[in-house]
Amino acid sequence: MALRKILHVGDETLRGKARPVDVLNRRMLMLLDDMAETMYAAEGVGLAAPQVGVLRRAITIDVGDETGLIQLINPEIIASEGEQEEAEGCLSVPGRRGYVKRPQRVVVRGINRAGKPVEIRAEGLLAVAFCHEIDHLDGVLFIDKMTREVDEEDGEESEA
164 MALRKILHVG DETLRGKARP VDVLNRRMLM LLDDMAETMY AAEGVGLAAP QVGVLRRAIT
224 IDVGDETGLI QLINPEIIAS EGEQEEAEGC LSVPGRRGYV KRPQRVVVRG INRAGKPVEI
284 RAEGLLAVAF CHEIDHLDGV LFIDKMTREV DEEDGEESEA
């Protein structure tokens, strides 16, 4: 495993559309391992492959609950309901946080690292994390959807 460089806003790779993963091989498993190590080292709760310069549809998430580490290939949201608006941040947009409207609950389908199809039902923070990371796979950053920004110096909100 190795730490990878996290790309920051302004790098055009973050705006690219990630390609599906056709073959789950040793190289892809190594990428997933590197992404998890990089995410934990940066104290994040999620990381998408484009954030480390790889335009492939792969994500890692760990929101710190009993679910633990989730790694998915070719994830897609197949159902959503409800609404929540929470402050988000992003390892690729350091120093900024803002409110984004997301579904309260989602169902995500993808392939796990063993190559098996899985469906995950998520709500709250985990649902936000799935939406956020899957957006990265389509070149979308949270700042594109932000309704208002959090001013980190005084904790106040400002319009985006």
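Going by my numbering, the first residue of the sequence shown is number 164, and it counts up by one from there. Think of the CB as a built atom: it goes at the ideal place given N, C-alpha and C, for glycine as much as any other residue.
By Cβ distance below 6 Å, which residues in the same chain neighbour GLN234 in space, the five residues on each side in sequence not counted? Cβ contact annotation for GLN234 (same chain, cutoff 6 Å, sequence separation greater than five): LEU195, THR223, ARG276, in chain order.
For GLN214, three-class secondary structure by DSSP: Looking at GLN214 - three-state DSSP - the assignment turns out to be helix.
Between the beta-carbon of GLU286 and the beta-carbon of ARG272, is there less than 9 Å? Result no, Cβ atoms of GLU286 and ARG272 do not sit closer than 9 Å.
Between which residues of its own chain and GLU322 is the CB-CB distance below 6 Å, once the five residues before and five after are set aside? Caution is warranted here: a pLDDT of 45 is assigned to GLU322, below 50, making its placement in the model unreliable, and the coordinate value is therefore given only provisionally. Only residues of its own chain outside the window of five on either side were considered, and among them ARG311 have a CB closer than 6 Å to the CB of GLU322, listed in chain order.
Within the chosen definition, does the segment 236-251 reach the segment 196-210 through at least 3 CB pairs nearer than 8 Å? Taking a cut-off of 8 Å on C-beta distances, the segment 236-251 does not touch the segment 196-210, as fewer than three cross pairs fall below it.
Beta strand (DSSP E) segment containing ALA242, residue limits: Per DSSP, the continuous beta strand (DSSP E) segment holding ALA242 begins and ends at 233-244.
Would you call the segment 254-270 and the segment 288-297 in contact, with 3 or more CB pairs under 8 Å? At 8 Å Cβ cutoff, the stretches touch.
Beta-bridge partners of GLY273, as assigned by DSSP: In the DSSP output, where bridge partners are listed per residue, GLY273 has VAL281.
Let me check understanding here. Comparing Cα to Cα, which of MET198, ALA221, ARG167, LEU210 lies closest to ARG182? Cα-wise, what sits closest to ARG182 is ALA221.
THR230 to ILE297, Cα distance in whole Å? Rounded to whole angstroms, THR230 to ILE297 spans 18 Å at the Cα level.
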